[in-house]
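S.K.: For the sequence shown, position 20 matches number 20 in this note's numbering, and the numbering has no gaps at all.
Quick reminder that beta carbons are idealized off the backbone N, C-alpha and C, glycines included.
Remember, it's a predicted structure, so these values are computed and weren't measured experimentally.
For reference, the structure I am asking about is given below.
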Amino acid sequence: MLILLPPSEGKTAAEATNAPVQFADLSFPELTGERETVLEQLAAVSAQETALEQLKVGRP
1 MLILLPPSEG KTAAEATNAP VQFADLSFPE LTGERETVLE QLAAVSAQET ALEQLKVGRP
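The structure is reproduced here in structure tokens:
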């Protein structure tokens, strides 16, 4: 499976006043469970020291 992630829009943290995305409000709300699973797994991989290599991001 190929999961496409959009590029970062900026390098600064989001303002604390911004509400997090509500998956149920996006197109195809029936995919909410799958979206939550992907987000949880991405967060778990991102916390590892080898995250850049595993996700194939960063400088070559």
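1. For GLY33, does the three-state DSSP call read helix, strand or coil?
2. Name the residue from ALA43, VAL38, VAL57 whose alpha carbon lies nearest to the alpha carbon of MET1.
3. Residues in its own chain within less than 7 Å of ALA24 by CB, not counting five upstream and five downstream?
M.R.: This is what the structure gives:
1. helix
2. VAL38
3. THR32
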